[in-house]
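Residue numbers (the numbering used here): 889 to 1076.
Structure first, commentary second.
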Amino acid sequence: DVYLAGTGVATNLAYRGGTPYAPVLEGSWPLRARKTVDTTVTVIDESFTVAASTDYTILATDSQPSIATLILTDINTAPAGDSARIRIVHASPGLGAVDVYVTATSADLTAETPDVAAFGFQTASGYLTIPIGTHRVRFTATGTKTPVLLDVTGTALPAFTRGQIRTIVALDRIRGGAPFTFAVLADR
């Protein structure tokens, strides 16, 4: 369960789950997360400063007892023309440093350059502007193109339409490590 400024913003939030934006007044507010199965156990307890007219994505990363927050400032202005935006977040402690490729679904990585290189745990890329349509996001160990450690494609990553903004979060499986998984969050 997640509480911001003493108000519950998510109840029974499942692994890989997300919520819509919650309106919060500017200022410094307590941010708390408690285990759903035992709400007496607090896993996050910190202050969070909200700026006026700013959207944020807040992620709980790592695993107990080392859960930490990763707070990202979102840019929700629509990209120009027939394009969309994608941001990549590395929230998988088991994945290691990776290169990330955002390509057409059938692209061969041997001819590709990483869109995000040497990408480490608990970091986020800037927003990448991409053409509308279907894409594939692949993660490989830094400096290599094989094996693909995480492949985000198909129905899990629907086609992007004009003006869409999404965040792709690389994650460990629920009990940690491989096979790796992901979450797709709608920014706009």
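We treat Cβ as the ideally placed atom computed from N, Cα and C, and that holds for glycine.
Legend entry - Identity of the residue in R920, N900, R1063 nearest L892 by Cα: On the sequence shown, position 4 is the one that residue 892 refers to. Considering only alpha carbons, the answer is R920.
Legend entry - Short Cβ contact (8 Å threshold) for K1066 with G982: Taking the sequence shown and counting its residues from 1, one reaches residue 1066 at position 178. Taking the sequence shown and counting its residues from 1, one reaches residue 982 at position 94. Per the sequence shown, residue 1066 should be read as Ala rather than Lys. Yes, Cβ-Cβ distance for A1066 and G982 is below 8 Å.
Inset, instruction - Leaving aside the five residues before and after A972 along the sequence, list all residues of the same chain whose C-beta is less than 6 Å from its C-beta, in chain order. - result: Indexing the sequence shown from 1 puts residue 972 at position 84. Contacts found: I1018, I1020, F1048, Q1052.
Legend entry - Closest by C-alpha distance to T949, when choosing among V931, I963, T937: Start at 1 with the first residue of the sequence shown, and residue 949 comes out as number 61. Of the candidates V931, I963, T937, the one whose C-alpha sits nearest the C-alpha of T949 is V931.
Inset, instruction - Whole angstroms is fine: what's the gap from W917's alpha carbon to S935's? - result: Taking the sequence shown and counting its residues from 1, the one referred to as residue 917 is at position 29. Taking the sequence shown and counting its residues from 1, the one referred to as residue 935 is at position 47. Rounded to the nearest angstrom, the two C-alpha atoms are 5 Å apart.
Inset, instruction - Let me know the secondary structure DSSP gives A1012 once reduced to three states. - result: Numbered from its first residue, the sequence shown carries residue 1012 at position 124. The answer is strand: DSSP assigns A1012 an E or B state.
Inset, instruction - Check whether the Cβ atoms of T1069 and R1063 lie closer than 8 Å to each other. - result: The sequence position of residue 1069 within the sequence shown is 181, counting from 1. The sequence position of residue 1063 within the sequence shown is 175, counting from 1. At least 8 Å separates the beta-carbon of T1069 from that of R1063.
Inset, instruction - Could you say which of P1035, I976, L958, D970 lies nearest to D996 if we only look at CA atoms? - result: The residue given as residue 996 occupies position 108 in the sequence shown. Checking every option, the nearest Cα to that of D996 belongs to P1035.
Inset, instruction - Could you give the DSSP three-state label for A979: helix, strand or coil? - result: Position 91 of the sequence shown holds residue 979. The DSSP-derived three-state label of A979 is strand.
Legend entry - From A992, V977, T1022, residue whose alpha carbon lies closest to that of A1005: By one-based count along the sequence shown, residue 1005 stands at place 117. When each option's Cα is compared against that of A1005, the closest is V977.
Legend entry - Own chain residues within Cβ distance below 6 Å of L947, not counting five before or after: As a first step, residue 947 must be located in the sequence shown, where it is residue number 59. Answer for L947: L958, A979, listed in chain order.
Inset, instruction - Within its chain, find whatever has a CB closer than 7 Å to the CB of E914; leave out the 5 residues flanking it on each side and keep chain order. - result: Here residue 914 refers to the residue found at position 26 of the sequence shown. Closer than 7 Å at Cβ, skipping near neighbours: V938, A939, A940.
Legend entry - Own chain, CB closer than 8 Å to I974, minus 5 neighbours either side, in chain order: Locating residue 974 in the sequence shown gives position 86, where the first residue counts as 1. Contacts found: V990, Y1015, L1016, I1018, H1023, V1025, F1048, I1053, R1054, T1055, I1056.
Legend entry - Within 8 Å, strictly: CB atoms of L1073 and A1012: Counting from one through the sequence shown, the residue named residue 1073 turns up at place 185. Counting from one through the sequence shown, the residue named residue 1012 turns up at place 124. No, they are not a contact pair.
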